[in-house]
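Novice: Pasting in a structure now, in structure tokens, and then I'll have a few things to ask.
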Amino acid sequence: MELSMRLLCALLLAAGTAAAHAAGAPTLSDIAYGSDPDQRYDLYRPATSGKAPAILMVHGGGWRRGDKDMRRVVNNKADRWLPRGIAFVSINYRMQPKAPPLEQARDVARALADVQRNWQNLGVDRSNIVLMGHSAGAHLIALLAARPELLAEAEAQAVRGFILLDSGALDVPAIMNAKHFRLYDRAFGNDPADWRAASPIHHLQQATPPILAVCSSRRDNACPQARAFVARARQAGTQTEVLPLDKTHGEINSELGEATEYTAAVEGFLSRLSPQLAERLR
């Protein structure tokens with residue numbers, strides 16, 4: 085029987101929140117991009133000279149919990165990409181009930197804008213940033229892909245691409261109108277207008293930077309929603325891919341960065357986004 089999303093989130097947290105041991109401590113930690121204590125990010129900077137392409141990671145946790153320094157969020161990814169000259173930025177954002185999903189997406193946009201504004205001090209190539217998110221975090225970056233006005237509000241520039249790691253929601257009304265876990269009620273409430281406002285597929289009407297949607301074939305609706313979202317993006321002119329995996333929701337997050345076909349497929353996508361990324365991933 086499929087585990088509930090609530091239990092999955094609890095299991096992720098139980099794995100620990102210690103910072104990546106192999107990647108080492110962040111080069112810079114708890115950089116503020118807003119006035120709230122949760123509006124912070126960590127930068128893991130490769131030991132290379134010059135500007136580094138960057139992956140900005142948005143953790144999951146059911147829109148209510150999670151942290152930027154969780155081992156499953158950071159370790160394998162930073163261990164894999166820092167030696168290849170790619171920076172890794174892991175962000176926190178305001179949790180519910182402090183902020184609803186749409187405001188959380190705005191926090192992600194604000195964090196991105198801050199990295200882009202301070203690229204020289206951070207040693208990051210602001211023209212080569214990729215947004216990556218897992219679970220609820222994947223939902224938030226999908227919202228930014230579908231609603232570019234949220235990026236514009238934060239004065240954030242376009243990114244090279246989006247990598248959705250088993251999104252928690254892509255068609256919110258479809259989830260809410262069917263049998264669903266209670267965490268969705270807490271996240272999206274009972275107003276259909278709020279569901280639509282936070283539903284990526286309902287706002288995807290224009291071409292976006294390329295999108296890779298990774299999905300767990302073990303979750304009933306994960307890959308069908310990913311395929312529907314990708315189909316809508318293609319209709320709008322976006323280069324998109326779906327990567328279905330026979331992995332659990334948590335494994336899709338924690339195992340990315342291991343020397344596997346899965347990591348190779350994600351790196352293949354990254355390599356197609358820019359010559360700078362391709363050079364580092366040869």
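Numbers 85 to 366, taken from the numbering used here, label the letters of the sequence shown in order.
By construction, the Cβ of each residue, glycine as well, lies at the ideal position given by its N, Cα and C atoms.
Treat the numbers as computed from the prediction; the structure is a model and nothing was measured.
#1: Under the DSSP definition of a beta bridge, which residues are partnered with Ser-300?
#2: Buried or exposed: where does Arg-366 fall if 16 or more other Cβ atoms within 10 Å of its Cβ makes it buried?
#3: What would DSSP say about Ala-104, mapped onto helix, strand or coil?
#4: Measure the alpha-carbon distance for Ala-109 versus Met-154 and round it to whole angstroms.
#5: Counting C-beta neighbours from all protein chains within 10 Å, is the total for Gly-245 16 or more, i.e. buried, or is it exposed?
#6: Could you check if Thr-344 is buried or exposed, using at least 16 other CB atoms within 10 Å of its CB as the buried criterion?
#7: Tell me Gly-217's beta-bridge partners as DSSP assigns them.
#8: Cβ of Trp-30 within 8 Å of Cβ of Arg-194?
#9: Whole angstroms is fine: what's the gap from Leu-206's alpha carbon to Asn-261's?
#10: Among residues of its own chain, excluding the 5 on either side of Gln-290, which ones have a beta-carbon nearer than 6 Å to its beta-carbon?
#11: Where DSSP assigns a beta bridge to Ile-175, which residues make up the other side?
#12: In whole angstroms, what is the alpha-carbon distance linking Gln-360 and Leu-166?
#13: So what's Glu-342 in DSSP terms, helix, strand or just coil?
#14: Please confirm whether Ile-295 and Thr-324 have their CB atoms less than 8 Å apart.
#15: On the DSSP bridge assignment, give the partners of Thr-324 in chain order.
#16: Going by C-alpha to C-alpha distance, which of Ala-138, Gln-123, Val-314 sits closest to Pro-130?
#17: If we define contact as Cβ-Cβ less than 8 Å, is Thr-132 a contact residue for chain C?
#18: Taking 6 Å as the limit between beta carbons, can you name the residues of its chain near Ile-247, skipping five residues before and five after?
#19: Buried or exposed: Ala-159, going by 16 or more other Cβ atoms within 10 Å of its Cβ?
#20: Alpha helix (DSSP H) containing Leu-254: first to last residue?
#21: List the residues that DSSP assigns as beta-bridge partners of Val-208.
#22: Which residue wins for smallest C-alpha separation from Thr-111, given the options Ser-119, Tyr-128, Arg-124?
#23: Hey, could you find the ends of the alpha helix (DSSP H) Ala-189 is sitting in?
#24: Taking the beta strand (DSSP E) that Asp-114 falls in, what are its first and last residues?
#25: Are the CB atoms of Lys-135 and Val-243 nearer to each other than 8 Å?
#26: So, is Pro-185 buried or exposed, given that buried needs 16 or more other C-beta atoms within 10 angstroms?
Specialist: Taking the structure as given:
#1: Here residue 300 refers to the residue found at position 216 when the sequence shown is read from its first residue. Beta-bridge pairing links Ser-300 to Leu-329.
#2: The residue labelled residue 366 in the question sits at position 282 within the sequence shown. Burial call: exposed.
#3: Residue mapping note: residue 104 aligns to position 20 of the sequence shown, counting from 1. In this prediction, Ala-104 scores a pLDDT of 39, lower than 50, which makes its location untrustworthy; the coordinate-derived value is nonetheless stated afterwards. Looking at Ala-104 - three-state DSSP - the assignment turns out to be coil, as it is neither helix nor strand.
#4: Taking the sequence shown and counting its residues from 1, the one referred to as residue 109 is at position 25. Taking the sequence shown and counting its residues from 1, the one referred to as residue 154 is at position 70. Using only the alpha carbons, I get a separation of about 12 Å.
#5: To locate residue 245, count along the sequence shown from 1; it is residue 161. With 16 or more Cβ atoms within 10 Å of its Cβ, Gly-245 is classed as buried.
#6: Looking up residue 344 in the sequence shown gives position 260. Exposed is the call here.
#7: Against the sequence shown, residue 217 aligns to sequence position 133. DSSP lists Val-142, Leu-248 as partners of Gly-217.
#8: The shown model of the chain, from 85 to 366, leaves out residue 30, and the question about it has no answer.
#9: Within the sequence shown, numbered from 1, the residue matching residue 206 stands at position 122. Within the sequence shown, numbered from 1, the residue matching residue 261 stands at position 177. Taken atom to atom, the span from the alpha-carbon of Leu-206 to that of Asn-261 is near 44 Å.
#10: By 1-based counting over the sequence shown, the position of residue 290 is 206. Excluding the 5 residues flanking it on each side, Gln-290 has same chain C-beta neighbours closer than 6 Å at Ala-320, in chain order.
#11: By one-based count along the sequence shown, residue 175 stands at place 91. Beta-bridge pairing links Ile-175 to Tyr-125, Val-142.
#12: What you label residue 360 is simply residue 276 of the sequence shown in a count that begins at 1. What you label residue 166 is simply residue 82 of the sequence shown in a count that begins at 1. Rounded to the nearest whole angstrom, the CA to CA distance from Gln-360 to Leu-166 is 14 Å.
#13: As a first step, residue 342 must be located in the sequence shown, where it is residue number 258. When DSSP states are grouped into helix, strand and coil, Glu-342 belongs to the strand group.
#14: As a working mapping, residue 295 is identified with position 211 in the sequence shown. As a working mapping, residue 324 is identified with position 240 in the sequence shown. In this structure, Ile-295 places its C-beta atom within 8 Å of the C-beta atom of Thr-324.
#15: Counting from one through the sequence shown, the residue named residue 324 turns up at place 240. The secondary-structure analysis by DSSP pairs Thr-324 across a beta bridge with Ile-295.
#16: Locating residue 130 in the sequence shown gives position 46, counting from the first residue. Comparing Cα positions, the closest option is Ala-138.
#17: The chain inventory of the structure shown lacks chain C, comprising one protein chain alone.
#18: Working through the sequence shown from its first residue, we reach residue 247 at position 163. Closer than 6 Å at the Cβ level, and outside the excluded window around Ile-247, lie Met-216, Leu-296.
#19: Within the sequence shown, residue 159 is the residue found at index 75, counting from 1. For clarity, residue 159 is Asn in the given sequence; the question names Ala instead. Asn-159 should be labelled buried.
#20: Locating residue 254 in the sequence shown gives position 170, where the first residue counts as 1. Boundaries for Leu-254: no alpha helix (DSSP H) harbours it, and the DSSP string shows neither H nor E there.
#21: Residue 208 sits at position 124 when you count from the first residue of the sequence shown. Per DSSP, the beta-bridge partners of Val-208 are Ala-136.
#22: The residue given as residue 111 occupies position 27 in the sequence shown. Checking every option, the nearest Cα to that of Thr-111 belongs to Tyr-128.
#23: Translated into positions along the sequence shown, residue 189 becomes position 105. Boundaries of the alpha helix (DSSP H) around Ala-189: 185-201.
#24: As a working mapping, residue 114 is identified with position 30 in the sequence shown. Unbroken beta strand (DSSP E) run through Asp-114: 112-116.
#25: Position 51 of the sequence shown, counting from 1, holds the residue named residue 135. Position 159 of the sequence shown, counting from 1, holds the residue named residue 243. No, the pair does not count as a contact, with Cβ atoms beyond the cut-off.
#26: Indexing the sequence shown from 1 puts residue 185 at position 101. Buried is the call here.
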